[in-house]
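Undergrad:
Protein chains in written order, with the UniProt record's numbering: chain A, 1 to 317; chain B, 1 to 268.
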């Protein structure tokens, strides 16, 4: 029987009998399957080319993956990232709250901090801190505009590690300030008002009511920032920061196995960012309290779903 | 300008100092004056309902009573002390934030859209201020919070997050949260306006029982039936001023002013 929808009259489809058990079939996405097949073939070709390429030197990759010098670099990268993230988060919190303060001076200072450290390249900042001695040969603590105080040669104080922490941390701080500010702004003003009406002080409202709720908004971009920092920390190789990339470069400068060593570094960066991704999931779940069922899907289920992408085309969510 | 006249039969003797006294208050938002020289008195134990069209300044007035909005002129007194200000001669100087916070702790407020803290359970919502602000012990505050939850009919929902409660239940938790601070006066800002019609009753029932227990309350509401039944006095506000005030029966049954009659004709 032909459907004549356009005419809209006559030709009415008879209503089904209650005895008929009508089955529904979801739309099949055949072009998707074809596209997936093409991608798989290309991928397989790439993998086989890489696996059989003699210049890849897989034995070298395996050898250096766990060599002490590389592991030392991995450790430094982790330490550097964690320290910079702590510094950056602290600065971000302080400058975000300053930015939202009633005090115009604090607001202005915060604005300029973000403007400067977000507006200049991290690499430039890193090199600047590393070469601070060119500007100030000696640094120390003293009374401004007098000679009273104690000091030391700058180069003995600002080590490559300290320069790295300052350069990256101050930069992350600027981004975190904006992330935290966005989180605070996302919370309904009624929350602060209700808390104020109960007699809570500004500090207490921020700590007990606003920030815990803002965390849900702050965390995803913060995880992003952390992962970005893990990789951005490779820039300290420029100032011999001793991180994973510095060590990698040191090794291939000696044995010229550039590609295998870059693969080693990439594998480690992937491992670190993967761990960070898992960590982020658990922290987000903690701060999702009270946020009914959206978080209900477990990490395991999420992973299984991502590992079996063809499942999605079956149309079950 | 109308001032409070007679009709304080409920607290005829004993407490002669009003719970709240609003004296010639003016308030503007930018160029728009929303409260235009308004005076009101609320006696201890009294239930005052404020009715009036939207934009008449009722909510702003209520928010001035706990200094959520700053007044531009005049004064508001809570149990004899200036709200938000310190008087030096003829001038009122705004108090420090911590002093204002301490004053707000004596005034409970229930909002149109509840504003429960969504990351805390019902019980945690109620004990937050007693423990954090009043420095009560957690055990003591919890015991009292449970009693309050029982009183608003939610004894079995103490572990529920606001997102798991209906609007009516959330508003009852919000009332319990305000009561936990043992406020001298309880302010209600259109407490049933955001509720589905079938949930309004449960909230009004709780408010009615509070009124019967002698809680001082200022209620901005559109529930004329509730005002008629529970209020000691009703104030009709329009355009930032008190148009008419008196016993609930007088204002609602036989209003003197034309504007009151027009308004009641529309809402009833």
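Glycine is no exception: its CB is placed at the ideal position from the N, C-alpha and C atoms.
As the structure is a prediction and not an experimental result, all values here were calculated from the model.
Just reading off the alpha helix (DSSP H) that residue 63 of chain A is part of, what are its end residues?
TA: Here residue 63 of chain A is taken as the residue at index 63 of the first chain, counted from 1. 58 to 65 is the extent of the alpha helix (DSSP H) around residue 63 of chain A.
Undergrad: If you run the structure through DSSP and keep just helix, strand and coil, what is residue 140 of chain B?
TA: Locating residue 140 of chain B in the second chain gives position 140, where the first residue counts as 1. Helix, per DSSP.
Undergrad: Check residue 393 of chain A in the structure and name its three-state DSSP category.
TA: The question about residue 393 of chain A has no answer here: the residues shown for chain A are numbered 1 through 317.
Undergrad: Closer than 7 Å, Cβ to Cβ, to anything on chain B: give me those residues from the segment 199 to 233 of chain A, in chain order.
TA: Answer set for the segment 199 to 233 of chain A: 199, 200, 201, 202, 204, 208, 209, 212 and 213.
Undergrad: Bridge partners of residue 64 of chain B, per DSSP?
TA: Translated into the one-based positions of the second chain, residue 64 of chain B becomes position 64. Per DSSP, none; premise fails for residue 64 of chain B.
Undergrad: Determine whether the beta carbon atoms of residue 20 of chain B and residue 78 of chain B lie at a separation below 8 Å.
TA: Position 20 of the second chain, counted from the start, is the residue given in the question as residue 20 of chain B. Position 78 of the second chain, counted from the start, is the residue given in the question as residue 78 of chain B. Taking 8 Å as the Cβ cut-off, residue 20 of chain B and residue 78 of chain B qualify as a contacting pair.
Undergrad: Could you name the residues of the same chain whose beta carbon sits closer than 7 Å to that of residue 193 of chain B, not counting the 5 residues immediately before and after it, in chain order?
TA: For this step, residue 193 of chain B is matched to residue 193 along the second chain. Here the set comprises 112 and 222.
Undergrad: Flag residue 223 of chain B as yes if its beta-carbon sits less than 8 Å from any beta-carbon of chain A, otherwise no.
TA: Position 223 of the second chain holds residue 223 of chain B. False, the Cβ-Cβ gap to chain A never drops below 8 Å.
Undergrad: Under 8 Å, do residue 167 of chain B and residue 189 of chain B count as touching if we go by C-beta distance?
TA: Here residue 167 of chain B refers to the residue found at position 167 when the second chain is read from its first residue. Here residue 189 of chain B refers to the residue found at position 189 when the second chain is read from its first residue. Their beta carbons are not under 8 Å apart, which means residue 167 of chain B does not touch residue 189 of chain B by this criterion.
Undergrad: Could you tell me whether the Cβ atoms of residue 226 of chain B and residue 171 of chain B are closer together than 8 Å?
TA: As a position in the second chain, residue 226 of chain B is number 226, starting the count at 1. As a position in the second chain, residue 171 of chain B is number 171, starting the count at 1. Against a cut-off of 8 Å, the Cβ pair of residue 171 of chain B and residue 226 of chain B comes out as no contact.
Undergrad: Residue 115 of chain B by DSSP, collapsed to three states: which one?
TA: Here residue 115 of chain B corresponds to residue number 115 of the second chain, with the count starting at 1. The answer is coil: DSSP assigns residue 115 of chain B none of H, G, I, E or B.
Undergrad: Given a threshold of 16 other Cβ atoms within 10 Å of its Cβ, counted over all protein chains shown, does residue 21 of chain A qualify as buried or as exposed?
TA: As a working mapping, residue 21 of chain A is identified with position 21 in the first chain. It is exposed - the Cβ of residue 21 of chain A has fewer than 16 other Cβ atoms within 10 Å.
Undergrad: Enumerate, from N- to C-terminal direction, the unbroken beta strand (DSSP E) stretches of 3 or more residues contained entirely within the segment 157 to 233 of chain A.
TA: Listed in chain order, there is nothing to give.
Undergrad: Could you say which of A:232, A:183 and A:212 lies nearest to residue 165 of chain A if we only look at CA atoms?
TA: Walking along the first chain from the start, residue 165 of chain A turns up at place 165. Residue 165 of chain A has its Cα closest to that of A:232, out of A:232, A:183 and A:212.
Undergrad: Give a yes or no on whether 8 Å exceeds the smallest Cβ distance from residue 1 of chain A to chain B.
TA: For the purposes of this step, residue 1 of chain A is taken as the residue at position 1 of the first chain. Annotation note: pLDDT 46 at residue 1 of chain A (below 50); position unreliable, no value reported.
Undergrad: Can at least three beta-carbon pairs, one atom from the segment 209 to 221 of chain B and one from the segment 241 to 253 of chain B, be found at a separation below 8 Å?
TA: No, they do not touch.
Undergrad: Would you mind giving the Cβ-Cβ distance between residue 158 of chain A and residue 135 of chain A, rounded to the nearest angstrom? I have them listed as a contact below 8 Å.
TA: As a working note, residue 158 of chain A is residue 158 in the first chain. As a working note, residue 135 of chain A is residue 135 in the first chain. 11 Å between Cβ atoms; not a contact.
Undergrad: Output the boundary residues of the alpha helix (DSSP H) element that contains residue 241 of chain B.
TA: By 1-based counting over the second chain, the position of residue 241 of chain B is 241. Careful: residue 241 of chain B lies outside any alpha helix (DSSP H), inside the beta strand (DSSP E) at 241 to 247.
Undergrad: Closer than 7 Å by C-beta to residue 50 of chain A: which residues in its own chain qualify, once you throw out the five before and the five after it? Chain order, please.
TA: Locating residue 50 of chain A in the first chain gives position 50, counting from the first residue. Within the same chain, residue 50 of chain A has close Cβ partners 56.
Undergrad: Let's test the definition: count the other Cβ atoms within 10 Å of the Cβ of residue 156 of chain B and tell me whether it reaches 16, buried, or not, exposed.
TA: Position 156 of the second chain, counted from the start, is the residue given in the question as residue 156 of chain B. Flag for residue 156 of chain B reads exposed.
Undergrad: Would you decide whether residue 203 of chain A is buried or exposed? Buried here means 16 or more other CB atoms lie within 10 Å of its CB.
TA: As a working note, residue 203 of chain A is residue 203 in the first chain. Under this definition residue 203 of chain A is an exposed residue.
Undergrad: Pull out every residue of the segment 68 to 88 of chain B whose Cβ sits closer than 8 Å to any Cβ of chain A, in chain order.
TA: Per Cβ criterion, the list reads 68.
Undergrad: Run through chain B and tell me which residues come within less than 9 Å of residue 194 of chain A, C-beta to C-beta.
TA: Numbered from 1 along the first chain, position 194 holds the residue referred to as residue 194 of chain A. Going along chain B in sequence order, the residues near residue 194 of chain A (Cβ under 9 Å) are 109, 111, 114, 115, 116, 117, 174 and 177.
Undergrad: What do you reckon, are the CB atoms on residue 97 of chain B and residue 201 of chain A nearer than 8 Å?
TA: Position 97 of the second chain, counted from the start, is the residue given in the question as residue 97 of chain B. Position 201 of the first chain, counted from the start, is the residue given in the question as residue 201 of chain A. Against a cut-off of 8 Å, the Cβ pair of residue 201 of chain A and residue 97 of chain B comes out as a contact.
Undergrad: Specify, as a first and last residue, the run of the beta strand (DSSP E) that residue 184 of chain B falls within.
TA: If you number the second chain from 1, residue 184 of chain B lands on position 184. That residue, residue 184 of chain B, is in no beta strand (DSSP E); it is neither H nor E in DSSP.
Undergrad: How far does the alpha helix (DSSP H) with residue 125 of chain B in it extend, from its first residue to its last?
TA: As a position in the second chain, residue 125 of chain B is number 125, starting the count at 1. Residue 125 of chain B -> alpha helix (DSSP H) spans 122 to 132.
Undergrad: Which partner residues of residue 41 of chain B appear in the DSSP bridge assignment?
TA: The residue labelled residue 41 of chain B in the question sits at position 41 within the second chain. In DSSP, residue 41 of chain B forms a bridge with B:21.
Undergrad: Between residue 129 of chain A and residue 152 of chain A, is the Cβ-Cβ spacing less than 8 Å?
TA: Here residue 129 of chain A refers to the residue found at position 129 when the first chain is read from its first residue. Here residue 152 of chain A refers to the residue found at position 152 when the first chain is read from its first residue. Not a contact, by the Cβ cut-off of 8 Å.
Undergrad: Going by DSSP, what residues sit across from residue 49 of chain B in a beta bridge?
TA: Locating residue 49 of chain B in the second chain gives position 49, counting from the first residue. B:219 and B:234, per the DSSP bridge assignment.
Undergrad: In chain order, which continuous runs of the alpha helix (DSSP H) of length 4 or greater are located wholly inside the segment 230 to 290 of chain A?
TA: Counting only runs of 4 or more, we get 244 to 255 and 258 to 287.
Undergrad: Cβ of residue 241 of chain A within 8 Å of Cβ of residue 160 of chain A?
TA: Working through the first chain from its first residue, we reach residue 241 of chain A at position 241. Working through the first chain from its first residue, we reach residue 160 of chain A at position 160. Their beta carbons are under 8 Å apart, which means residue 241 of chain A touches residue 160 of chain A by this criterion.
Undergrad: Quick one: does residue 181 of chain B have its CB under 8 Å from some CB of chain A?
TA: Start at 1 with the first residue of the second chain, and residue 181 of chain B comes out as number 181. Interface residue, yes.
Undergrad: For residue 277 of chain B, which of B:101, B:102, B:103 and B:85 has the nearest alpha-carbon?
TA: There is simply no residue 277 of chain B to check, as chain B begins at 1 and stops at 268 in what is shown.
Undergrad: Using a Cβ-Cβ cut-off of 8 Å, state whether residue 32 of chain A counts as contacting chain B.
TA: Along the first chain, one-based indexing puts residue 32 of chain A at 32. It does not; no Cβ of chain B falls within 8 Å.
Undergrad: So with Cβ pairs under 8 Å, would you call residue 133 of chain B a contact of chain A?
TA: Within the second chain, numbered from 1, the residue matching residue 133 of chain B stands at position 133. Judged by the 8 Å Cβ criterion, residue 133 of chain B is in contact with chain A.
Undergrad: Name the one or two DSSP bridge partners that residue 70 of chain A has.
TA: Counting from one through the first chain, the residue named residue 70 of chain A turns up at place 70. Answer is none; residue 70 of chain A lacks a bridge partner.
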